[in-house]
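Residue numbers (the numbering used here), protein chains in the order written: chain W, 1 to 140; chain G, 1 to 401.
Where a beta carbon is used, it is the ideal one built from N, C-alpha and C, also for glycine.
Computed from a predicted model, the values in this text were never measured in an experiment.
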Amino acid sequence: MNNLDHLYREIIMEHYKNPRNQGLVDNQDYKSNRIKNPSCGDDITIQVLVEDGVVKDVKQEATGCSISVASASVLTELVIGKTVEEAKKIVDTYINMVTDKAFDESVDLEEAAVFSGVKKFPARIKCASIAWVAFKDSLE
Amino acid sequence: MKQNPWKKDFPQLNNQLHYFDSAATSLKPTSVIEQVNYYNQQLSSNINRGMYYESQKATELYEEARETIAKFIHADLNEVVFTRGTTSSLNMVARSFGLNHLHPGDEILTSELEHHSSILPWQYVAHKTGAKLQYIPLSDEGKVTLESFEAAINDKTKVVVINHVSNVMGYVTPIKEMVAIAHEYGAIVVVDGAQAIQHIEVDVKSLDADFYAFSGHKMLGPTGIGVLYGKSDLLDDMEPLEYGGDMALDVMKQQFSWKESPTKFEAGTMPIASVIGLKAAVEYLQNTGIDNIHEYSKNLYDYFIDKIKDIKDIEFYNKSSDTFMFTFNLKNVPSHDAISYFSEKHIALRAGQHCAKLIHDFLGIHSSLRGTIYFYNTYEDVDFLVETLIEAIDYFKKLGF
Ligand SMILES: Cc1ncc(COP(=O)(O)O)c(C=O)c1O
Numbered sequence: 001m002n003n004l005d006h007l008y009r010e011i012i013m014e015h016y017k018n019p020r021n022q023g024l025v026d027n028q029d030y031k032s033n034r035i036k037n038p039s040c041g042d043d044i045t046i047q048v049l050v051e052d053g054v055v056k057d058v059k060q061e062a063t064g065c066s067i068s069v070a071s072a073s074v075l076t077e078l079v080i081g082k083t084v085e086e087a088k089k090i091v092d093t094y095i096n097m098v099t100d101k102a103f104d105e106s107v108d109l110e111e112a113a114v115f116s117g118v119k120k121f122p123a124r125i126k127c128a129s130i131a132w133v134a135f136k137d138s139l140e
Numbered sequence: 001m002k003q004n005p006w007k008k009d010f011p012q013l014n015n016q017l018h019y020f021d022s023a024a025t026s027l028k029p030t031s032v033i034e035q036v037n038y039y040n041q042q043l044s045s046n047i048n049r050g051m052y053y054e055s056q057k058a059t060e061l062y063e064e065a066r067e068t069i070a071k072f073i074h075a076d077l078n079e080v081v082f083t084r085g086t087t088s089s090l091n092m093v094a095r096s097f098g099l100n101h102l103h104p105g106d107e108i109l110t111s112e113l114e115h116h117s118s119i120l121p122w123q124y125v126a127h128k129t130g131a132k133l134q135y136i137p138l139s140d141e142g143k144v145t146l147e148s149f150e151a152a153i154n155d156k157t158k159v160v161v162i163n164h165v166s167n168v169m170g171y172v173t174p175i176k177e178m179v180a181i182a183h184e185y186g187a188i189v190v191v192d193g194a195q196a197i198q199h200i201e202v203d204v205k206s207l208d209a210d211f212y213a214f215s216g217h218k219m220l221g222p223t224g225i226g227v228l229y230g231k232s233d234l235l236d237d238m239e240p241l242e243y244g245g246d247m248a249l250d251v252m253k254q255q256f257s258w259k260e261s262p263t264k265f266e267a268g269t270m271p272i273a274s275v276i277g278l279k280a281a282v283e284y285l286q287n288t289g290i291d292n293i294h295e296y297s298k299n300l301y302d303y304f305i306d307k308i309k310d311i312k313d314i315e316f317y318n319k320s321s322d323t324f325m326f327t328f329n330l331k332n333v334p335s336h337d338a339i340s341y342f343s344e345k346h347i348a349l350r351a352g353q354h355c356a357k358l359i360h361d362f363l364g365i366h367s368s369l370r371g372t373i374y375f376y377n378t379y380e381d382v383d384f385l386v387e388t389l390i391e392a393i394d395y396f397k398k399l400g401f
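Written out as structure tokens, the structure is:
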């Protein structure tokens, strides 16, 4: 597989075309965080509902490239139901993976593991991490 | 197929790179690199103060650069201020001139075609002074026309802020005619020439522009150096933004006076190597001839446009570009997805909003791909680009975009 095929995995395309947990809710219990990337036009909002230290629900609305849209979608599926601590650990692991740093391989990234191809495209790291950073910010 | 006589002058083109990102920054010819090295290797010293050979020589070259540039744009010597680049030049005008001359009710007239460096400083001035930022309505093609400008300007207009060439569409704005109209209303005109100076003849006297800004790095020169041209009476009237070494005339405990333009605007140690490099860049452009550069680029651009005219699934936004800039998207493919395909093939394009969000809003798109054909590009470069375009369309289609 060449670098590009490694980037555009089927799972990514599938999430891009059918993003999960899409659409924002009008509910004050959700913490909302919007990040725009003015250089590329990405615009991503993540809403998080935390109850008793557990991520109960995550909503997302993403406009941008396939990598940013798909990574927002994959994120939501992965972290719903996790404790806040687990979710933070997952985000850190993921960010380390896409930035080509050492990461804790014992953390199960499930579908998000397909984003490992991003590390060969430094220019796309932002695309792959924007939703994840927004999510982690709203856990703080 | 025509041999390109200039490519050999650009050492970065010795590898596999196909460089179509000249609007972001141009490549540098050997003569520029050598002049920068000459200063660093043999003349390192500060200017205007050293009493030894190196310093005197560096000072001489620094001032010769000013002369070369003044002649190049038909300005007087004291009207050429060295800055960090277009952004600095435009901010200097906004802060030093704009903040001190605008009042509530005044209007600043600009366009959605502007680069953020041109528009944001004046948004700031508008907020600070109570002046209003107004936009010249663009034509369907996204152009600033004389008609729409005439309809938009009025007695309240004090400043017109406009690009000479748009960095997204590549259109040439009718500056000379606009300046004449603006002056009838008593407005001054600030021209962003960052995308013009490397493509077309710029004669500030004939344009009669009040301010004209450009960057060295887009005209074959080094980064970190640019120019602000200003009419001398306007520059004389402006306060420096930076105070420090070299700009002061007399210093006392409680007050000081400053030198005349341009020295009063060049406080501290300037990027001397870059100034010397910029001189070499202007000389390269002069020796090559802006007309020759334009003609070669135009022929190659026409060749490109002809080759892609039947390709479906490209959305083209500026078919009537005047400066061989092509802005487009692959149908249904976000620009940041598409760009990765090109970068894997060592084709340098730009993806995103190119620091010009408002024109993307106008076009109703999030972002775009932008390329520019310049005189060091070859017919082979264009063939490879077209081949890759066709492959990319196919690749993304198969993926399901
Ligand atoms: C039209 C225009 N104006 C201003 C700028 C800013 O130039 P610089 O980044 O060199 O200050 C650019 C370049 O990006 C440009 O294309």
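Closest by C-alpha distance to residue i, when choosing among the options
i              : options                        : result
residue 348(G) : 56(G), 319(G), 389(G)          : 389(G)
residue 174(G) : 163(G), 350(G), 397(G)         : 163(G)
residue 109(W) : 92(W), 25(W), 56(W), 66(W)     : 92(W)
residue 95(G)  : 217(G), 184(G), 226(G), 125(G) : 125(G)
residue 244(G) : 362(G), 255(G), 237(G)         : 255(G)
residue 30(W)  : 19(W), 57(W), 4(W), 16(W)      : 57(W)
residue 55(G)  : 43(G), 358(G), 314(G)          : 43(G)
residue 402(G) : 290(G), 134(G), 241(G), 146(G) : The displayed coordinates of chain G run from 1 to 401. Any statement about residue 402(G) would go beyond what the structure contains.
residue 241(G) : 217(G), 270(G), 266(G), 226(G) : 266(G)
residue 200(G) : 342(G), 38(G), 73(G), 400(G)   : 73(G)
residue 88(W)  : 128(W), 107(W), 114(W), 38(W)  : 107(W)
residue 114(G) : 92(G), 97(G), 86(G)            : 86(G)
residue 84(G)  : 53(G), 272(G), 184(G)          : 272(G)
residue 358(G) : 136(G), 48(G), 287(G)          : 136(G)
residue 78(W)  : 9(W), 20(W), 5(W), 14(W)       : 20(W)
Chain-ordered neighbours of residue i on chain W, where CB pairs are closer than 8 angstroms
i              : result
residue 353(G) : 38, 39, 40, 41
residue 331(G) : Neighbours of residue 331(G) on chain W: none; closest Cβ ~14 angstroms, over 8 angstroms.
residue 115(G) : In chain order: nothing, as chain W lies at least about 13 angstroms away.
Buried/exposed call for residue i, threshold 16 Cβ in 10 Å
i              : result
residue 51(G)  : exposed
residue 18(G)  : buried
residue 151(G) : exposed
residue 350(G) : buried
residue 94(W)  : buried
residue 85(W)  : exposed
residue 127(G) : exposed
residue 97(W)  : buried
residue 106(G) : buried
residue 289(G) : exposed
residue 104(G) : exposed
residue 157(G) : buried
residue 47(W)  : buried
residue 311(G) : exposed
residue 331(G) : exposed
residue 209(G) : buried
Partner residues on chain W for residue i, Cβ-Cβ distance less than 7 angstroms
i              : result
residue 344(G) : 3, 4
residue 367(G) : 40, 41
Residue i: contacting residues in chain W (beta-carbon distance under 9 angstroms)
i              : result
residue 118(G) : Within 9 angstroms Cβ-Cβ: nothing; residue 118(G) doesn't reach chain W, min ~16 angstroms.
residue 357(G) : 38, 41
residue 360(G) : 41
Contacts of residue i in chain G (Cβ-Cβ under 7 angstroms)
i             : result
residue 8(W)  : 399
residue 17(W) : 400
residue 13(W) : 399, 400
Under 8 angstroms from the C-beta of residue i: neighbouring residues of chain G
i              : result
residue 143(W) : With chain W running from 1 to 140 in the structure shown, residue 143(W) is simply not present.
residue 124(W) : 336, 340
residue 63(W)  : 366
Chain-ordered neighbours of residue i on chain G, where CB pairs are closer than 9 angstroms
i              : result
residue 121(W) : 340, 343, 344
Contact belief for residue i with residue j at Cβ below 8 angstroms, rounded distance in angstroms
i              : j              : result
residue 280(G) : residue 80(G)  : No, residue 280(G) and residue 80(G) are not in contact; Cβ-Cβ is about 16 angstroms, not under 8 angstroms.
residue 362(G) : residue 177(G) : Actually they are not in contact, since the Cβ atoms of residue 362(G) and residue 177(G) sit about 23 angstroms apart, beyond 8 angstroms.
residue 315(G) : residue 328(G) : 6 angstroms
residue 278(G) : residue 221(G) : 4 angstroms
residue 32(W)  : residue 45(W)  : 6 angstroms
At what residue ranges does the stretch 241-265 of chain G contain a whole run of the beta strand (DSSP E), taking only runs of 3 or more?
248-251, 256-258
Segments of 4+ residues assigned as alpha helix (DSSP H) that fall wholly inside the stretch 297-376 of chain G
335-344, 357-363
Contained alpha helix (DSSP H) runs [length at least 4] in the stretch 15-92 of chain G, N- to C-terminal order
30-38, 53-73, 86-92
If you scan the stretch 169-222 of chain G from start to end, which runs of the beta strand (DSSP E) of 3 or more residues do you find wholly inside it?
188-192, 211-215
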